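Enquirer:
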Amino acid sequence: MQLTRIVEFHKVLADLTRIRIIALLKQGPLHGQAIAGKLSLTPPTITHHMSKLREVGLINERRDRNTIYFSLNEDVLESCAAAILSIGNGEGNMDMFVTESERAAILNNFITADGKLKTIPAQRKKRLVVLSHLVKGLEFGKIYSEKEISDYLRSYHPDYATLRRELIIHQFMYRKDGQYELNPPELWSLH
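Remember, this note's numbering sits 41 above the position in the sequence shown when you count from 1.
(1) Nearest by alpha-carbon distance to Asp56: which of Lys93, Gly219, Arg103 is it?
(2) Can you tell me whether Gln164 is helix, strand or coil according to DSSP?
(3) For Asn224, count neighbouring Cβ atoms within 10 angstroms of its own Cβ and tell me buried if that reaches 16, exposed if not.
(4) Just checking, does the region 59-72 make contact with the region 98-110 on the three C-beta pairs under 8 Å criterion?
(5) Quick one: grab the DSSP three-state call for Ser186.
(6) Any idea if Glu180 is buried or exposed, counting beta-carbon neighbours within 10 angstroms, 16 or more meaning buried?
(7) Please report the distance separating the alpha-carbon of Tyr193 from that of Asp105.
(8) Run through DSSP, which three-state label would Tyr197 get?
(9) For Met135 and Arg144, I'd like the C-alpha separation in whole angstroms.
(10) Using the DSSP secondary-structure output, state which residues sit across from Ile100 in a beta bridge.
(11) Do Ser112 and Leu80 have their beta-carbon atoms positioned less than 8 Å apart in this structure?
(12) If we call anything under 8 Å between Cβ atoms a contact, is Ser186 one with Gly219?
(13) With Glu180 as the anchor, note down where its alpha helix (DSSP H) starts and where it stops.
(14) Using only the alpha-carbon positions, how far apart do Lys159 and Ile152 sit?
(15) With DSSP run on the structure shown, which of helix, strand or coil describes Gly131?
(16) Alpha carbon to alpha carbon, how far is Trp229 from Leu148? Give it in angstroms, no decimals.
(17) So is the beta-carbon of His90 under 7 Å away from any non-hydrogen atom of the ligand COA?
(18) Are Arg59 and His90 closer than 8 Å when you measure CB to CB?
(19) Going by the DSSP bridge assignment, what does Lys217 pair with across the sheet?
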């Protein structure tokens, strides 16, 4: 999550109705009509606010026949809210999971002498260590095309699509409209 995403997150929260929706969803999943009724708003107004919350990943949706139930994505809420406090502290979240000697052992097991990735680790902790190693060759603040990221990852391993997807899933990178940007280390999703 780069700084612009943090700004967008806080812009979305800078609305009383959206804060009220979050408070309702904190109690459990609700469908749009129920939210509209509890807040005395029209369904189109709720649809508008839900789309804003969806843009920053704060809600999950589950369809049950013709009804869509919304629930709060508390992990995103917590990580985005905490992100602003961690900006500039220079500490990555990886330190909570592995020691420097563990990191070296993992990289020794998965990275060849010429810097190629032998296999993509199945264990989450090891995969995160490898991903954090792979992104070291990328520049903060630079926007990459999907082709540039694919070519970069292909130089490490033939399954570049999986690696690219993992970088997004674990918030090492942010993707929008086919463009990729490296997130600061303290924002990498390692929970």
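Glycine is no exception: its CB is placed at the ideal position from the N, C-alpha and C atoms.
Predicted model only: the values in this text are computed from it and were never measured.
Expert: According to the structure data:
(1) For the purposes of this step, residue 56 is taken as the residue at position 15 of the sequence shown. For Asp56, the closest of Lys93, Gly219, Arg103 by C-alpha to C-alpha distance is Lys93.
(2) Locating residue 164 in the sequence shown gives position 123, where the first residue counts as 1. In this structure, DSSP gives Gln164 a state outside helix and strand, which the three-state scheme calls coil.
(3) Taking the sequence shown and counting its residues from 1, one reaches residue 224 at position 183. Flag for Asn224 reads buried.
(4) Yes: the two stretches touch, three or more of their Cβ pairs being nearer than 8 Å.
(5) One-based indexing of the sequence shown puts residue 186 at position 145. Three-state result, Ser186: strand.
(6) Within the sequence shown, the letter at position 139 stands for residue 180. By the beta-carbon neighbour count (other beta carbons within 10 angstroms, threshold 16), Glu180 is exposed.
(7) Along the sequence shown, one-based indexing puts residue 193 at 152. Along the sequence shown, one-based indexing puts residue 105 at 64. Approximately 41 Å, taken between the alpha carbons.
(8) Residue mapping note: residue 197 aligns to position 156 of the sequence shown, counting from 1. DSSP places Tyr197 outside both helix and strand once states are collapsed to three, so it counts as coil.
(9) Looking up residue 135 in the sequence shown gives position 94. Looking up residue 144 in the sequence shown gives position 103. Note that Met135 scores a pLDDT of 47, beneath 50, so its modelled location is shaky and nothing firm can be said.
(10) Residue 100 sits at position 59 when you count from the first residue of the sequence shown. Answer by DSSP bridge pairing, in chain order: Leu113.
(11) The residue labelled residue 80 in the question sits at position 39 within the sequence shown. The residue labelled residue 112 in the question sits at position 71 within the sequence shown. No.
(12) To locate residue 186, count along the sequence shown from 1; it is residue 145. To locate residue 219, count along the sequence shown from 1; it is residue 178. Closer than 8 Å, so yes.
(13) Taking the sequence shown and counting its residues from 1, the one referred to as residue 180 is at position 139. From DSSP, Glu180 is part of no alpha helix (DSSP H); its letter is neither H nor E.
(14) Translated into the one-based positions of the sequence shown, residue 159 becomes position 118. Translated into the one-based positions of the sequence shown, residue 152 becomes position 111. Their Cα atoms are separated by approximately 6 Å.
(15) Residue numbering aside, residue 131 sits at position 90 when the sequence shown is read from its first letter. Interpretation of Gly131 is limited by its pLDDT of 43, a score under 50 that renders its predicted location unreliable; the figure taken from the coordinates is listed afterwards. Gly131 falls in the coil class under three-state DSSP.
(16) If you number the sequence shown from 1, residue 148 lands on position 107. If you number the sequence shown from 1, residue 229 lands on position 188. CA-CA distance, Leu148 to Trp229, rounds to 19 Å.
(17) For the ligand COA, the structure offers nothing, since it holds no ligand at all.
(18) Start at 1 with the first residue of the sequence shown, and residue 59 comes out as number 18. Start at 1 with the first residue of the sequence shown, and residue 90 comes out as number 49. A Cβ-Cβ contact shorter than 8 Å links Arg59 with His90.
(19) Mapped onto the sequence shown, residue 217 falls at position 176. Its beta-bridge partners are Gln220.
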